[in-house]
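All remarks here apply to the structure that follows.
Protein chains: 2
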Amino acid sequence: MSDQRAWQVVLGRIESDLAAGVLKPGDHLAPERALATELGVGRSSVREAVRVLEVLGLVRTQTGSGPSSGAVITAAPSDGMSVLMRLQVAAQGFGVDDVVRTRLLLETAVVGELAALAGPDLAEADTLLAAMDDDGHTSAEFLALDAQFHLALAAAAGNQVVTATMAGLRTSIERYVLIGAARLSSWAPVATRLRAEHRSIVAAVRAHDADGARRHLHDHITGYYAQTFAPVPSSPDPTRPVPHPSKES
Amino acid sequence: MSDQRAWQVVLGRIESDLAAGVLKPGDHLAPERALATELGVGRSSVREAVRVLEVLGLVRTQTGSGPSSGAVITAAPSDGMSVLMRLQVAAQGFGVDDVVRTRLLLETAVVGELAALAGPDLAEADTLLAAMDDDGHTSAEFLALDAQFHLALAAAAGNQVVTATMAGLRTSIERYVLIGAARLSSWAPVATRLRAEHRSIVAAVRAHDADGARRHLHDHITGYYAQTFAPVPSSPDPTRPVPHPSKES
DNA sequence: GTCAGACTGTGGTCTGACCACAGGGTCTGA
DNA sequence: TCAGACCCTGTGGTCAGACCACAGTCTGAC
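Protein chains in written order, with our numbering: chain A, 35 to 283; chain B, 35 to 283.
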């Protein structure tokens, strides 16, 4: 039992401090040397634990002195999710097909939920749509904006878990997305179509047409993957929605 | 370029080796000392990178010598997802409400998909249902089986991303689930109801009744949370079950 | 009062030293 | 010849100590 590794002791301590509310977002972790002394472990073990927290998006470290230095609790779920999923895809723990299918699943739910909201906040999405209208973008630039657009929709729906997961999913297959775009003979017509599809989705959301939003979103994603990835993953039925916009806030 | 931290160099190298297929599941990482020399960094930096990979569920380390020792690539997405989500919930990056909502979202999709399959593999789920019939379980034991049951359904649907995510979601709120169960005046009647609900879900799946499966699953989860969490996170209007705007093949 | 310089405390990194462990090889005795 | 005890070697796990870079903060000369 007590053969727990030294870095796990440190991680456990920090986790319990978080769970107990002793540590909150914005707080500083104790200095590495102090933590090492306090827990009776070496500084290197403390560092391993902090490193894990950093990669998981829980803390941000900074050198120097003053209030902004040290390790600060900053819950940034998307970062951790991105690293995790990207590596899992690289290590073949996740298949690209499953990633795409899951993306479809989450995004259709998101737009369906959004359409059911009284006044969804689409300002961010609108800004990104406008930015994408610029014809000067390379495919990579356009796709970066596209990713932000989809993420903005998720954020508007208000579920942080879904938003972070979507960010991770997108990151995990970014490499494939870029390769796929590069294989297209010409990007301009594709961009034009994507712009139109984005607007259809947003319009359906604004019209509170949940089914339409889901359908447009579904076609948008499957269509794009069909064009850029050779084999398209079989996808969930767009109109069959996940039960629901359960929101309440 | 060189402002990249030493441990990131190591992580980057391993990731690119994974992406390039140089490293595959089952392979051994180079020994820490060798990797350090090869990349021109200290062993402690290598260790930080390996530690991250270990927590993320990508490698398993073992002391000693022989074929099973060292760091072996083992894609275990659920482990990493569990740690990540548990810590994010602890650090208030994820709200429990969002976790529950997301769980609902994924699980309804899973059972719906399952019902559409010709011959879903429910052997694992059946075994767990039988195990749950034992009246000798404490609430914690029952809930552990319950978690496995839901996970078995996800696994049967065949999407590894969804399965891993569900495992993470469940782990992240385990603490709250157990507390909630402990607050109940008596566990037996609850267990009885849960058993019946599980069987309804499985029956609907077997009958290829996707809508029914989704509805049963939805009620199962929302009902339980309504009973154990004081303030229920979300609950779609119960008078309006699950929207199935359109039919489904 | 200002501003330049030293001071201090923080993370980042490396080195070298042990330890525990487990497989594999070797030696010994039957 | 064979079995078993023994040591050897390579692996991760950990620690201690030493530097470095950095960025606030303090101090003192002007």
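We put the CB at the ideal spot given by N, CA and C, even for glycine. Small disclaimer: the values here were computed from a predicted structure and weren't measured.
Interface partners of B/T199 on chain A, CB under 8 Å: For the C-beta of B/T199, the chain A residues within less than 8 Å are, from N- to C-terminus, T136, T199.
Proximal chain A residues relative to B/P111, where beta-carbon distance stays under 7 Å: Those are Q122, G127, F128, listed as they occur along chain A.
Integer Cβ distance of B/A190 from B/A159, believed to fall under 8 Å: Their Cβ separation, rounded to whole angstroms, is 7 Å, which keeps B/A190 and B/A159 in contact under 8 Å.
Every unbroken alpha helix (DSSP H) within the segment 62-86 of chain A, with a cutoff of 4 residues, ordered by chain: 66-73
Beta-carbon separation (whole angstroms), A/P111 vs B/F128, contact threshold 8 Å: 6 Å
Residue-chain proximity (A/L118, chain B), Cβ-Cβ < 7 Å: yes
Contact under 7 Å by Cβ, B/L162 with B/L179: yes
Cβ-based burial, B/I213 [other Cβ within 10 Å; buried from 16]: exposed
Delimiting residues of the beta strand (DSSP E) encompassing A/V106: 104-107
At least three beta-carbon pairs within less than 8 Å, the segment 190-210 of chain B to the segment 135-154 of chain B: The segment 190-210 of chain B is in contact with the segment 135-154 of chain B.
Closest residue to B/V134 among A/D113, A/Q194, A/V56 (Cα-Cα distance): A/Q194
Cβ-based neighbour list, B/G46, same chain, cut-off 8 Å, excluding 5 preceding and 5 following: Q38
CA nearest to the CA of A/G153, picked from A/A241, A/Y259, A/E49: Ranking A/A241, A/Y259, A/E49 by CA distance to the CA of A/G153 puts A/A241 first.
Within-7 Å CB hit, B/V145 to chain A: At a cut-off of 7 Å between beta-carbon atoms, B/V145 makes no contact with chain A.
Own chain partners of A/G60 with C-beta closer than 6 Å, once the 5 adjacent residues on each side are dropped: none
Chain-ordered neighbours of B/A53 on chain A, where CB pairs are closer than 8 Å: Chain-order list of chain A residues neighbouring B/A53: A124, R209, by C-beta distance under 8 Å.
Bridge partner(s) assigned by DSSP for A/V93: Note: A/V93 sits in a beta bridge opposite A/I107.
Outcome for A/L185 when other beta-carbon atoms lying within 10 angstroms are tallied against a minimum of 16: Classification for A/L185: buried.
Sub-7 Å separation of A/R120 and A/S206 beta-carbons: yes
Neighbour-count burial assignment, B/Q96, 16 or more Cβ in a 10 Å radius: exposed
A/E88 versus B/D113: straight-line alpha-carbon distance, rounded: 17 Å
For B/D245 and B/A149, the rounded distance between their alpha carbons: 9 Å
Minimum Cβ-Cβ distance from A/E49 to chain B less than 7 Å: yes
Inter-residue CB distance, B/V43 and B/L73 (contact presumed, cutoff 8 Å): 6 Å
Selected residue, minimal CA-CA separation from A/R217, among A/L63, A/Q261, A/E49: A/Q261
C-alpha distance - A/A225 paired with A/A157, whole-angstrom precision: 21 Å
B/Q194 - containing alpha helix (DSSP H), residue span: Following the DSSP letters along the chain, one finds B/Q194 inside the alpha helix (DSSP H) bounded by residues 194-206.
Cβ-based neighbour list, B/S234, same chain, cut-off 6 Å, excluding 5 preceding and 5 following: So the list reads H250, once near-sequence residues are dropped.
8 Å Cβ cut-off: residues of chain A touching B/Q96: Going along chain A, no residue has its Cβ under 8 Å from B/Q96, so there is no contact; the nearest lies around 12 Å.
First through last residue of the alpha helix (DSSP H) which encompasses B/H171: Premise fails: B/H171 is in no alpha helix (DSSP H) and is neither H nor E.
Rounded C-alpha distance that separates B/A215 from A/K58: 27 Å
C-beta atoms of A/R229 and A/M166 nearer than 7 Å: Yes; because the gap between Cβ atoms is below 7 Å, this pair is in contact.
A/P223, enclosing alpha helix (DSSP H) - first and last residue: 222-240
Amino acids of chain A, ordered along the chain, whose beta-carbon sits closer than 8 Å to that of B/Q194: Chain A residues near B/Q194: G127, F128, G129, D132.
Exposed unless 16 or more other CB atoms sit within 10 angstroms - verdict on A/V211: buried
Check whether A/S116 and A/G202 have beta carbons under 7 Å apart: yes
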